[in-house]
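In order, the protein sequence lines correspond to chains A and B. At position 195 of the first sequence (counting the first as 1) the number is 177 in our numbering, and the numbers step up by one without a gap. At position 261 of the second sequence (counting the first as 1) the number is 265 in our numbering, and the numbers step up by one without a gap. Glycine residues also receive a C-beta, built at the ideal position from the N, C-alpha and C atoms. Presented below is the structure to which this report refers.
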Amino acid sequence: MEGSWTRLALRAWAALILLFLFIPILLIFFYAFNTSNIESWPIPGLTTKWFNSTWNDPDVRAALLLSVQAGLTATAVALVLGSCAAFAIHRASFFGRDVVSLLFVLPLALPGIITGIALNSFFSFGGVTLSIWTIIVGHATFCMVVVYNNVLARLRRTQGSLIEAAMDLGANGFQVFRDITLPLISTALVAGAMLAFALSFDEVIVTTFTAGSQRTLPIWIFGQIRHGVLLPEVNVVVSFVILVTIIPVVIAARLTGGGGAARVPAAR
Amino acid sequence: MSSEAVGRPRPKGGGAVPFRSLLWRLPWLRPLLLLTPPMAWFVVVYLASLVLLLITAFWSIDPFTTQIVRVWNTDNFRIILTDPTYRTIIGRTAGLAALVTVTDVVLAFPLAYYMAKVASRRVQSLLFAAVLLPLWASYLARAYAWILILNHSGVLNWSLQSIGLPAANIGYTNAAMWLVFSYIWLPFMIIPTYAALERVPDSLLEAAADLGARPWRTTLDVVLPLALPGVVAGSIFTFSLTLGDYITPVLVGGAGSQFIGNVVYSNVGIANNVPFAAALATVPVVIMAVYLLIAQRLGAFEAL
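See the structure below:
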């Protein structure tokens, strides 16, 4: 019903927005190969020397290690607790169910700074020294929500009749879980785990309040950008972080038909 | 298989069997057992933290020792409400959040409309993926990209100069914050708007056309009201995320670009006045609560 001019204008608009969304991201990849250590455009030439120096920077390595350790542990905790919550909420109808499901969305709905400062004062009130474990506690809290959302969405779409059939045929609870439920939700679990890891690997706001003097990779990046030092290495690390966060999301989207990645609204 | 089991005595250590029948007899037991660990985590860690934060907001610190004095008072809130410095900062934060939201609506709506109503199925799903990807590409990376673009010898000035325009030095200003926030949160506006528009049946648009409505009249009277819940849902994200942010103001903002989040952060870190930070942190929560209440009236929650 739109005129051809309207269609053309809409198409042009869509193209412009896509350029607006992608040019800045692609630009960082260019700068990662910049021969100069001054960040100006156009870049004078291409080199891979910064990849070498970044890889050999002990600070970057330590930060990467901490990020991976915190991310994997937080994801593991989130996987267990998040799926427990999803199963409970899916199966049962009990008093206060809506309150519980609202509660599980809070860490994503409230601004990250609230979660961060709340956990910070909780730890200092309880006399807990900030360590990798406090980072993990913070990350697991919002990662749990991602797993919960993914598993719950999958459970709602699977048919209870399969489970009932298995039970009728004499399978016990463990067999039903191992042979029916787990295969049905496995891709949702993998997708949830990947999104959770991507979220944790990139998190900076909650982390600044729970890390103390430790540096995860995003905290390292934030510090370098703020003080304007080692920017060539920042370009390399940032390019790497983009890839590490995007690749799991692409896989997760494939496993869940796009729903999973779209269902995580606030990225913190 | 079952005949084998019949007549055999119950397996020893059969704690599992009574337990299973217990689960069977008490149907609420299983969800309770499943829900206990995550709920315990949430209540002990998260809710306790939030409650503690709220209580801390009513405490104060000893100005000499910077120790927290656990005496109930509302001084922090009085300072926030009366000191013009904080009123300016709150106004700047909320104002920019509103401006970013409006900008994102304007940028997102035509694209969402194109995705939902004009593009072919294939283009539609490609665009959907293309909008989602930047959302997941590191937040810091996307803010940092704009430092590279906006700096004095960056891409923006190079492009302007190559087409004969004067250089624009908007790096490290409120304008830069506006641009960067609008960029970072744009996908959050596109997705719910698109979802709402996709649910508008084509037959309605055809009916409007059959009844003689011009395209712009159809857009104004049919499409916009039906898409409104989606737009409001998107605005919850763009508004709330800007309101609680403190990274972008540090990275691309200038001297007069402090946000609520920055003051909160410096009060936790440098000034070590956690009670004041806690009180100030309640401000975005209160603003968001009011906003959500309005959004609920507009039916945004069905569109989330």
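Contact check between the region 73 to 89 of chain B and the region 154 to 171 of chain B: fewer than three CB pairs, one atom from each, fall below 8 Å, which does not count as touching. Asparagine 155 (chain B) and asparagine 173 (chain B) have their C-alpha atoms roughly 7 Å apart. Under a criterion of Cβ atoms nearer than 7 Å, the residues of chain B adjacent to glutamate 21 (chain A) are, in order, Leu152, Asn155.
Excluding five sequence positions before and after threonine 246 (chain B), the CB atoms of its chain that fall closer than 8 Å to its own CB belong to Thr97, Leu100, Ala101, Val104, Thr105, Phe185, Trp189, given in chain order.
Using a CB distance cut-off of 8 Å, arginine 34 (chain B) counts as an interface residue toward chain A. Assigned with DSSP and collapsed to three states, leucine 28 (chain A) falls in strand. Excluding the 5 residues flanking it on each side, glycine 257 (chain B) has same chain C-beta neighbours closer than 6 Å at Met181, in chain order. In the three-state scheme derived from DSSP, where H, G and I count as helix and E and B as strand, isoleucine 5 (chain A) is classed as helix.
Using a CB distance cut-off of 8 Å, threonine 242 (chain B) does not count as an interface residue toward chain A. Residue burial is scored here from C-beta neighbours: glycine 53 (chain A) has at least 16 other C-beta atoms within 10 angstroms and is therefore classed as buried. Annotation: the continuous alpha helix (DSSP H) that includes proline 219 (chain B) extends over 219 to 222.
DSSP places phenylalanine 77 (chain A) outside any alpha helix (DSSP H), giving it a letter other than H or E. Listed as beta-bridge partners of asparagine 16 (chain A) by DSSP are A:Leu28. Residue pairing for isoleucine 72 (chain B): DSSP places it in a beta bridge opposite B:Ile65. Note that the C-beta distance between valine 272 (chain B) and leucine 284 (chain B) is not below 8 Å. Around the CB of tryptophan 32 (chain B), fewer than 16 other CB atoms lie within 10 Å, so the residue is classed as exposed.
Here asparagine 131 (chain A) carries a helix assignment [DSSP, helix/strand/coil]. The continuous alpha helix (DSSP H) containing isoleucine 99 (chain A) extends over residues 94 to 107.
Secondary structure note for glycine 175 (chain B): it is in no alpha helix (DSSP H), with a DSSP letter that is neither H nor E. The three-state reading of DSSP puts tyrosine 250 (chain B) in coil, since its state is none of H, G, I, E or B. For arginine 125 (chain B), the enclosing alpha helix (DSSP H) starts and ends at 125 to 140. At a cut-off of 8 Å between C-beta atoms, valine 73 (chain B) does not count as an interface residue with respect to chain A.
With respect to chain B, the C-beta atom of proline 40 (chain A) has no partner C-beta closer than 8 Å.
Under the three-state reduction of DSSP output, valine 119 (chain A) falls in the helix class.
At a beta-carbon threshold of 9 Å, none of the residues of chain A lie near alanine 179 (chain B); the nearest stands roughly 16 Å away. Glutamine 300 (chain B) and phenylalanine 33 (chain A) have their C-alpha atoms roughly 49 Å apart. The C-beta of serine 53 (chain B) comes closer than 8 Å to at least one C-beta of chain A. Of all residues in the region 231 to 261 of chain B, only Phe241, Ser244, Leu245, Leu247, Gly248, Asp249, Tyr250, Ile251, Val254, Leu255 come within less than 8 Å of chain A when Cβ atoms are compared, listed by chain position. Judged by DSSP in its simplified three-state form, asparagine 154 (chain A) adopts coil rather than helix or strand. The residue among B:Ser239, B:Ala231, B:Ser142 with its C-alpha nearest the C-alpha of tyrosine 198 (chain B) is B:Ala231. Below the 8 Å Cβ cutoff, chain B contributes Pro114, Leu115, Tyr118 as neighbours of tryptophan -5 (chain A), in chain order. Using beta-carbon distances, phenylalanine 15 (chain A) does not count as an interface residue toward chain B, since no partner is under 8 Å. Neighbourhood of valine 49 (chain B) in chain A, by CB distance below 8 Å: Leu101, Phe104, Val119, Thr123, in chain order.
Going by beta carbons, alanine 281 (chain B) and isoleucine 99 (chain A) fall inside the 8 Å limit.
For tyrosine 148 (chain B), the neighbours in chain A by C-beta distance under 8 Å run, in chain order, Ile10, Ile203, Ile207, Val216, Val220.
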